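In terms of this note's numbering, the sequence shown is residues 0 to 410.
For glycine and all other residues, C-beta sits at the position ideal for the given N, C-alpha and C.
As the structure is a computational prediction, the values presented were derived from the model and not from experiment.
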Amino acid sequence: MSDIERVRDLAKQTREFALSPEMERRRKLWTDHNSLHFTRPPIYIRAVPFHEYITSSDLRCQDPGLRNLEWRFLLNQYYMQLSDDTIMEPFLTVGAALDIDPNGIYGLPASLYKTEQSVRAAAYKPVIIDEDDVKKLSVRPYAVDEEETKRRVEWHQEVLDGILDIAVDRQAPLCHMWNNDIATLLAKLRGLEDIMWDAFDRPEWLLDLVSWMRDRILEHIDQTEQANGFRLCNHQNQAMPYCRELESPSASDKPVSTKQLWGYMAAQEFTTWGPDLFNEFMFTFQKPILERYALAAYGCCEDLTNKISVIKQLKNLRRIAVSPFADVGKCAEQIGSDYVLSWRPNPSSACSFGVDEDFVRKDIRRVIDICDQNNCVWDVTLKDLETTGGDPNAIVRWTYIIREELEKRYG
0 MSDIERVRDL AKQTREFALS PEMERRRKLW TDHNSLHFTR PPIYIRAVPF HEYITSSDLR
60 CQDPGLRNLE WRFLLNQYYM QLSDDTIMEP FLTVGAALDI DPNGIYGLPA SLYKTEQSVR
120 AAAYKPVIID EDDVKKLSVR PYAVDEEETK RRVEWHQEVL DGILDIAVDR QAPLCHMWNN
180 DIATLLAKLR GLEDIMWDAF DRPEWLLDLV SWMRDRILEH IDQTEQANGF RLCNHQNQAM
240 PYCRELESPS ASDKPVSTKQ LWGYMAAQEF TTWGPDLFNE FMFTFQKPIL ERYALAAYGC
300 CEDLTNKISV IKQLKNLRRI AVSPFADVGK CAEQIGSDYV LSWRPNPSSA CSFGVDEDFV
360 RKDIRRVIDI CDQNNCVWDV TLKDLETTGG DPNAIVRWTY IIREELEKRY G
């Protein structure tokens, strides 16, 4: 079997699964769920250690482009084993060739402090050191290399031979998740501890910097809309973006506005900041960006227990993340049935070192009781799982237990 034949064979498996009755059931589940209609809580397996399950020995293609597609389709193959509610689409998203400064979106290179460990936690090395360093920041206006984008699309079309449609992600760099929330790139450029000191030592300077970053993001949104660059593949809500209010994700080349899309943000870098400082130095600047979208989802790994009242200022808020570090009870009381509560179990306790069935059942029953007491519309999102000790069946088993407990209660 040639490399292209292998990729096409894997693509056919993705297409078959994406168009199956099971996917239609999942689409309906998420559509109702995200529109605040109570359902059995969906389960979403988001970020898991695929490097432990798909290794170089599993990859047979020699061409780098085909090898990348092979990896993506093998990833889909793994998802087909799970009993969660992840939706697989019958299209492949290809990024347009955007004009980005080689040093980074803001014109300065972000880098990590060097460490001898190959797998590690590491801190970013600040590149904004002196106050005047902000003058070095610059953002290129939105521009697409149409010739290169066409080449990318045609290559994928030739390889896939009509098996999957091709969606082209044309949105500007600062519209993408993690680039559009200010906090992520601010921390990379300035450093976590430095930002904290800035809030006390030179608050006006920090506010000016964050304000400048907000304006650059809004410019990229404006420029993308003016160039008809947004598509239905640009929904972002860190879940499945199906709902009754908006058109579903698709490979359609029809331009849309942000008022037809989900928007998503977080501020993990501000998790230790109190609600007032968080509001003053970050959320106030995120709010006008997120409110450009039809619906908004907020939060990732940060503890939002004491910040939900701040986040509720968003007029279009629909989903709120409740991380492993949050107080589920206090969050549920504040969220109620007004928003979707996205519960994120502790990944290390879930299945990093085997599956403790008694613990998993006790944990999910606890959350079921809390959410029921507060009439919550909620889901389960497993993410940031760094290892399962090389056991791919651990996630399969964990998902089965969670689903079994949910079906006992909700049918």
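Next on the checklist: In the DSSP output, which residue or residues are listed as bridge partners for Ser110?
Outcome noted: Residue pairing for Ser110: DSSP places it in a beta bridge opposite Lys124.
Checklist entry - How many Å lie between Ser256 and Ile181 at the Cα? => result Rounded to the nearest angstrom, the two C-alpha atoms are 21 angstroms apart.
Next on the checklist: Going by DSSP in three states, Ser351 sits in which element: helix, strand or coil?
Outcome noted: In the displayed model, Ser351 falls within a strand according to three-state DSSP.
Checklist entry - Would the beta-carbon of Ser110 fall within 8 angstroms of that of Arg402? => result No; because the gap between Cβ atoms is not below 8 angstroms, this pair is not in contact.
Checklist entry - With distances taken between CB atoms, is the gap from Arg215 to Ala95 smaller than 8 angstroms? => result Result no, Cβ atoms of Arg215 and Ala95 do not sit closer than 8 angstroms.
Checklist entry - Is it the case that the Cβ atoms of Val158 and Ile104 are separated by a distance below 8 angstroms? => result No. Outside cutoff.
Checklist entry - What residues are listed by DSSP as bridge partners for Asp164? => result Answer by DSSP bridge pairing, in chain order: Phe90.
Checklist entry - If you compare alpha carbons, which of Gln12, Asn236, Pro48 is closest to Arg494? => result Any property of residue 494 remains undetermined from this structure, which presents the chain solely from 0 to 410.
Checklist entry - By Cβ distance, which residues of its chain are closer than 8 angstroms to Phe411, with the 5 residues on each side in sequence left out? => result No information on residue 411 is available, as it lies outside the stretch 0 to 410 that the chain covers here.
Next on the checklist: Is the beta carbon of Arg45 closer than 8 angstroms to that of Leu381?
Outcome noted: Closer than 8 angstroms, so yes.
Checklist entry - Any chance the region 175-195 sits against the region 139-150, with 3 or more Cβ pairs inside 8 angstroms? => result Result no; under three Cβ-Cβ pairs closer than 8 angstroms.
Item to check | Extent of the continuous alpha helix (DSSP H) to which Val158 belongs | outcome: First-last of the alpha helix (DSSP H) with Val158: 145-159.
Checklist entry - Do the CB positions of Tyr123 and His219 come within less than 8 angstroms of each other? => result No, they are not a contact pair.
Checklist entry - Is there contact between the region 59-78 and the region 2-20, where contact requires at least three CB pairs shorter than 8 angstroms? => result They touch, by the three-pair rule.
Checklist entry - Hey, which unbroken runs of the beta strand (DSSP E) at 3 residues or more fall wholly within the region 327-388? => result Listed in chain order, they are 339-342, 376-381.
Checklist entry - When the Cα of Ala238 is compared with those of Asn227, Lys253, Met264, which residue comes out closest? => result Selected option, being the one with the closest Cα: Met264.
Checklist entry - What residue ranges within the region 21-58 form continuous alpha helix (DSSP H) runs of no fewer than 4 residues, ordered along the chain? => result Along the length of the region 21-58, whole alpha helix (DSSP H) runs at least 4 residues long do not occur.
Next on the checklist: Please report the distance separating the alpha-carbon of Leu9 from that of Leu73.
Outcome noted: Whole-angstrom Cα-Cα distance: 7 angstroms.
Next on the checklist: Among Asp160, Thr387, Arg360, Ile363, whose alpha-carbon lies nearest the alpha-carbon of Phe352?
Outcome noted: Out of Asp160, Thr387, Arg360, Ile363, Thr387 has the C-alpha closest to the C-alpha of Phe352.
Next on the checklist: Quick check on this structure: which residue in Lys253, Asn278, Ala198, Ala171 has the alpha carbon closest to the alpha carbon of Leu217?
Outcome noted: Nearest option by C-alpha distance: Ala171.
Item to check | For Ile3, the first and last residue of its enclosing alpha helix (DSSP H) | outcome: In the DSSP annotation of this structure, the continuous segment of the alpha helix (DSSP H) that includes Ile3 starts and ends at 2-17.
Item to check | Run of the alpha helix (DSSP H) containing Met195, from where it starts to where it stops | outcome: Met195: member of the alpha helix (DSSP H) spanning 191-200, first to last residue.
Next on the checklist: Taking the straight line between their C-alpha atoms, what separation do you get for Asp160 and Ser210?
Outcome noted: Spanning the alpha carbons of Asp160 and Ser210 requires a straight line of approximately 47 angstroms.
Checklist entry - Is the beta carbon of Lys253 less than 8 angstroms from the beta carbon of Ala293? => result Cβ distance not < 8 angstroms, so Lys253 and Ala293 don't count as in contact.
Item to check | Sequence-distant residues of the same chain with beta carbon closer than 7 angstroms to Asp383, five excluded per side | outcome: For Asp383, where only same-chain residues beyond five positions count, the Cβ hits under 7 angstroms are Ala46, Cys300, Pro346.
Item to check | Same chain, Cβ closer than 7 angstroms to Val133, neighbours up to 5 away in sequence not counted | outcome: Excluding sequence neighbours, Val133 sits near Ile127, Leu208.
Checklist entry - When DSSP labels each residue in this structure, what does Ile319 get in the three-state scheme? => result Reduced to three states, the DSSP call for Ile319 is strand.
Next on the checklist: Let me make sure I understand the geometry here. Which of Gln12, Lys113, Asn233, Asn227 has the alpha-carbon closest to that of Tyr78?
Outcome noted: By alpha-carbon distance to Tyr78, the top candidate from Gln12, Lys113, Asn233, Asn227 is Gln12.
Checklist entry - What are the partner residues of Gly262, as DSSP defines its beta bridges? => result In the DSSP output, where bridge partners are listed per residue, Gly262 has Ala295.
Item to check | Supposed contact pair Ile369 and Val327 - C-beta distance, whole angstroms, cut 8 angstroms | outcome: By a beta-carbon distance limit of 8 angstroms, Val327 contacts Ile369. Their separation comes to about 5 angstroms.
Checklist entry - For Leu97, which of helix, strand or coil comes out of DSSP? => result If DSSP states are grouped into helix, strand and coil, Leu97 belongs with the strands.
Checklist entry - In terms of residue numbering, what span does the alpha helix (DSSP H) encompassing Val309 cover? => result Looking at the DSSP string, the run of the alpha helix (DSSP H) that includes Val309 is 307-310.
Next on the checklist: Report the CB separation of Cys330 from Ile394 in whole angstroms; it is logged as a contact under 8 angstroms.
Outcome noted: Contact between Cys330 and Ile394 is absent: CB atoms are separated by about 25 angstroms, not below the 8 angstroms threshold.
Next on the checklist: Please tell me whether Tyr241 and Thr30 are closer than 8 angstroms, where the distance is taken between their beta carbons.
Outcome noted: The answer is yes: Cβ separation under 8 angstroms.
Checklist entry - Where does the unbroken alpha helix (DSSP H) through Ala226 begin, and where does it stop? => result Neither: Ala226 is in no alpha helix (DSSP H) and is coded neither H nor E.
Next on the checklist: Taking only three categories from DSSP, how would you classify Gln285?
Outcome noted: If DSSP states are grouped into helix, strand and coil, Gln285 belongs with the helices.
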